[in-house]
Amino acid sequence: MKFLWTTVHVKNLEESIAFYTQVIGLQVVNRFKAGKGVEIAFMGNGVDGETLVELLEDENHDNVTFGGGVSIGFAIKSVEDMIKSLEEKNIKIYSGPFETPDATFFFIKDPSGFNVQLFQYK
Numbered sequence: 001m002k003f004l005w006t007t008v009h010v011k012n013l014e015e016s017i018a019f020y021t022q023v024i025g026l027q028v029v030n031r032f033k034a035g036k037g038v039e040i041a042f043m044g045n046g047v048d049g050e051t052l053v054e055l056l057e058d059e060n061h062d063n064v065t066f067g068g069g070v071s072i073g074f075a076i077k078s079v080e081d082m083i084k085s086l087e088e089k090n091i092k093i094y095s096g097p098f099e100t101p102d103a104t105f106f107f108i109k110d111p112s113g114f115n116v117q118l119f120q121y122k
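Using full-length UniProt numbering, read the sequence shown as starting at 1 and increasing by one per residue.
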């Protein structure tokens, strides 16, 4: 069995695409209408077989909420460089940074309030 994607329900698809493109560094690998008032964008790095982030905007259900313990994580090269980049974009750190013997990481929120973990291996 292969893990294909994680679906994130978003309030505004354009804002979310901009965030995952400009902040996280993903690209739109597929985008389409999926019924009346529903649009989906799959985000990734364009690599065959990779796990994707599915952004789903549904105009019929505008109340987007998330469980507090759920997040998606992305590997970064440098926590310090990422924090500088986020400051330039006026994106606040939600939690952390935290340090373990093997890693340093912290959390931010995407435009819909979903937890995104940025993780640097040591």
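In this text, a Cβ means the ideal position worked out from N, Cα and C, and glycines have one as well.
Everything numeric in this text was worked out from a predicted model, so none of it was measured.
Subject >> Inter-residue CB distance, N12 and E59 (contact presumed, cutoff 8 Å) >> reply: Wrong, their Cβ atoms sit about 11 Å apart, outside the cutoff.
**OP:** Taking the CB atoms as reference points, tell me whether L55 and V10 lie closer together than 8 Å.
**Re:** yes
Subject >> Cβ pair F106, V79 closer than 8 Å >> reply: yes
Original post:
In angstroms, rounded to a whole number, what distance separates the CA positions of I91 and M1?
Top reply: Approximately 36 Å, taken between the alpha carbons.
Original post:
If you count every other CB in all the chains shown that lies within 10 Å of the CB of Q27, and 16 or more means buried, which is it?
Top reply: Burial is judged here by how many other beta carbons sit within 10 angstroms of a residue's own beta carbon; Q27 has fewer than 16 and is exposed.
**OP:** Could you say which of I17, T65, G37 lies nearest to M43 if we only look at CA atoms?
**Re:** I17
Subject >> Coarse secondary structure for M82, derived from DSSP in three states >> reply: helix
Original post:
Thinking just about the alpha-carbon of each residue, which of M82, V116, S112, K122 is nearest to the one in P101?
Top reply: K122
Subject >> Same chain, Cβ closer than 7 Å to P97, neighbours up to 5 away in sequence not counted >> reply: V79, T104, F105, F106
Original post:
What span of residues does the beta strand (DSSP E) with residue 159 cover, start to end?
Top reply: Past the edges of the chain, shown from 1 to 122, lies residue 159, and the structure says nothing about it.
Original post:
Can you tell me whether V47 is buried or exposed, with buried defined as 16 or more other CB within 10 angstroms of its CB?
Top reply: exposed
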